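Numbered according to my numbering, the sequence shown terminates at residue 752, and the numbering increases by one at each position without gaps.
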Amino acid sequence: MKNTDHLQEIRDAVRTLCNSYGEDYWRELDSVGGYPTEFVKEITASGFLGCLIPEEYGGAGLGLIEACVVLEEISRSGGHPGAAHAQMYVMGSVLRHGTAEQKQRYLPAVASGELRLQCFGVTEPGTGTDTTSLKTTATRSGDKYIINGQKVWISRVQHSDLMVLLARTKSIEERSKKTDGLSCFIVDLRGAEERGLTINPIDAMINHHSCELFFDNFEVPAENLLGEEHKGFRVVMDGMNAERILIAAECIGDARYFIDKATRYANEREVFGRPIGQNQGVSFPIANCYAQTEAAALMVDKAARLFDDQQPCGAEANMAKMLGADASWKAGDTCLQTHGGFGISREYHIERKLRETRLYQIAPISTNLILSYISEHVLGMPRSF
Ligand SMILES: Cc1cc2nc3c(=O)[nH]c(=O)nc-3n(C[C@H](O)[C@H](O)[C@H](O)COP(=O)(O)OP(=O)(O)OC[C@H]3O[C@@H](n4cnc5c(N)ncnc54)[C@H](O)[C@@H]3O)c2cc1C
368 MKNTDHLQEI RDAVRTLCNS YGEDYWRELD SVGGYPTEFV KEITASGFLG CLIPEEYGGA
428 GLGLIEACVV LEEISRSGGH PGAAHAQMYV MGSVLRHGTA EQKQRYLPAV ASGELRLQCF
488 GVTEPGTGTD TTSLKTTATR SGDKYIINGQ KVWISRVQHS DLMVLLARTK SIEERSKKTD
548 GLSCFIVDLR GAEERGLTIN PIDAMINHHS CELFFDNFEV PAENLLGEEH KGFRVVMDGM
608 NAERILIAAE CIGDARYFID KATRYANERE VFGRPIGQNQ GVSFPIANCY AQTEAAALMV
668 DKAARLFDDQ QPCGAEANMA KMLGADASWK AGDTCLQTHG GFGISREYHI ERKLRETRLY
728 QIAPISTNLI LSYISEHVLG MPRSF
C-alpha cells in the first residue's frame, strides 16, 4: 500500500490557507461577480496551483491524486475552485502537446503566476455538446491563422492571459472522419479586444465569469498551434479524463462541506425541545448522503491513481465525475432541507454552494453524455450519435 502521509499534509496546508479567506469572502465575490484575485495569488505562491507542472518548469511535479486533494479542500472550505481547476487541466494540454519551445515559454510563467492560463475555448452556441461539428474556423495565411466564429460559456476569459482554443482547420466536407480537421491554438488574450475579439459576459446563475466570444479576423501566430494541425480533437480529449477527475474531486469537497454543515446544524438546532437530528427523518438523509459520498470518493481515488499510473481510465474518470456530481447535488439539497428556512438565506452560504455544485450535472460534460459513454464504451451497447 502506498504511503499517503503527504496527502494529509497537503490537505492540512490547503485547509489552513483556505481558512484565512472564509465563506464571507466567497459570498461577497459571488454577489458582485468578482474574481478571487488574492486567493489565486496566494494559492499560486504556495505552489498548490502549479502542483501538476513538472519541477523542470518551476512546478511541484505532483500527480493528479495530489491535485484532487487541493481542489477537494478548496470546495470543502466553502470556496469556489473554478480558477484553480481550470489552470490545472488547461496547463495539461500544453504540457502533453506543446513543443519544447512552447513549454519553456509558458509553463514557468504559469507556475510563477506571471501568466494565467485559465481559459479553454471549445463550446459553441450552434453545436453545444456536438464538439466535432463546431463552426469557428482557423484559416492559414502565411505565418498566421485567421480565426472567425463564435464561442459561448467560455469561463474566465477576462481574467486569463492565455486561452487554449479549438477551431476548424478543415471544412466538414473535407474531413476524413468526424474528429479530423480541428486544431488547438494557444491564444494570447492580452490586448485581444483591440485585435478582433469581442467578449460579452453572460449574466448567469453562478460566478464563473463565463462569456460569449466573437472572433472577427482575429490573428494567431502559426507558432501557437498546439499539437498537430487537424488533430486538435485529440489534444482536447487527452485532457478530458484529468478534467473529469479534478471536477469529481471538487464535487466530493462540496458534498463533504454540505454533510459537515447539515450534521452540525442537526445537532445544534432544537425544535420541539430536542435536536432536529434526533428525528430519523432528518438524520437518515444525511447518513445516506455520507454513504454515497464515500463511495463516490473511492471512484475518484481509483480514477486518479489509474491516471497517475498512465493506465486507461476513461470509464473510471466518467463514473467518478457522475457519482461525485450526484453525491454533491443530493448532499446540497439535503443540507438545505436540514436548515429549513435558514437554508434559503444567503448568510448561510448553502444556496450559493448549491448553485455552484448544480453546474456539475451539466458541465464540463452532462450526466447524459456520461451515461452514453458507459452504455457504449463500457457495456458495448449501440452507439446513439
Ligand atoms: C457556467 C458554465 C461554464 C462553462 N465553461 C466553459 C468553458 O470554460 N469552456 C467551454 O468550452 N465550455 C464551457 N461551458 C460549456 C459546457 O461545457 C456546456 O454547457 C456543456 O458541454 C453542455 O453543452 P450545451 O450547454 O450546449 O448543451 P447541449 O449540448 O445543447 O445539451 C442540452 C441538453 O441535452 C442533453 N443532450 C444533448 N445531446 C444528447 C444526447 N445525444 N443524448 C442525451 N442527451 C443529450 C444534454 O445532456 C443537456 O442536458 C460552460 C458551461 C457553463 C454553464
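Here a beta-carbon is modelled for each residue, glycine too, at the ideal position from N, C-alpha and C. It should be emphasised that the depicted structure is a prediction, and the values quoted were computed from it without experimental measurement.
Excluding sequence positions up to five away, which residues of its chain have a Cβ less than 8 Å from the Cβ of residue i?
| i | result |
| --- | --- |
| Y473 | V461, G465, L482, L484, L529 and I553 |
| R750 | E743 |
| A319 | Nothing can be reported for residue 319: it is not among the residues displayed for the chain, which extend from 368 to 752. |
Have a look at the DSSP bridge pairing and note the partners of residue i.
| i | result |
| --- | --- |
| E637 | P642 |
| M604 | None, per the DSSP bridge assignment. |
| V531 | F487 and I553 |
| S577 | S522 |
Specify, as a first and last residue, the run of the alpha helix (DSSP H) that residue i falls within.
| i | result |
| --- | --- |
| G708 | Segment: none, G708 is in no alpha helix (DSSP H) and carries neither H nor E. |
| I432 | L431 to R443 |
| Y657 | Q647 to D675 |
| G425 | No alpha helix (DSSP H) contains G425, which DSSP labels as neither H nor E. |
| F415 | F415 -> no alpha helix (DSSP H), and no H or E assigned at all. |
| V399 | G389 to V399 |
| I737 | T734 to Y740 |
Indicate the three-state DSSP secondary structure (helix, strand or coil) for residue i in the structure shown.
| i | result |
| --- | --- |
| A467 | helix |
| M368 | For M368, the predicted structure reports a pLDDT of 49, less than 50, and the residue's modelled location is therefore unreliable. A value from the coordinates is still provided. In the structure shown, M368 sits in coil (DSSP, three-state: anything other than H, G, I, E or B). |
| D583 | strand |
| Y512 | strand |
| R750 | coil |
| A451 | helix |
| R542 | coil |
| I729 | coil |
| R382 | helix |
| T506 | strand |
| L690 | helix |
| L593 | strand |
From which residue to which residue does the beta strand (DSSP E) around residue i run?
| i | result |
| --- | --- |
| D555 | L549 to D555 |
| T565 | L564 to P568 |
Can you find the residues in the same chain that come closer than 6 Å, C-beta to C-beta, to residue i, ignoring five residues on each side of it along the sequence?
| i | result |
| --- | --- |
| M666 | M686, A687 and L690 |
| K697 | C656 |
| F487 | V457 and V531 |
| F581 | Q517 and T565 |
| A615 | V667, A687, K688 and G691 |
| V603 | L533 |
For residue i, which residues of its own chain have a beta-carbon under 7 Å away from its beta-carbon, when the five flanking residues on both sides are left out?
| i | result |
| --- | --- |
| T546 | T499 and F600 |
| D627 | none |
| E683 | M666, K669, A670 and L673 |
| T724 | C618, D621, S695, W696 and G699 |
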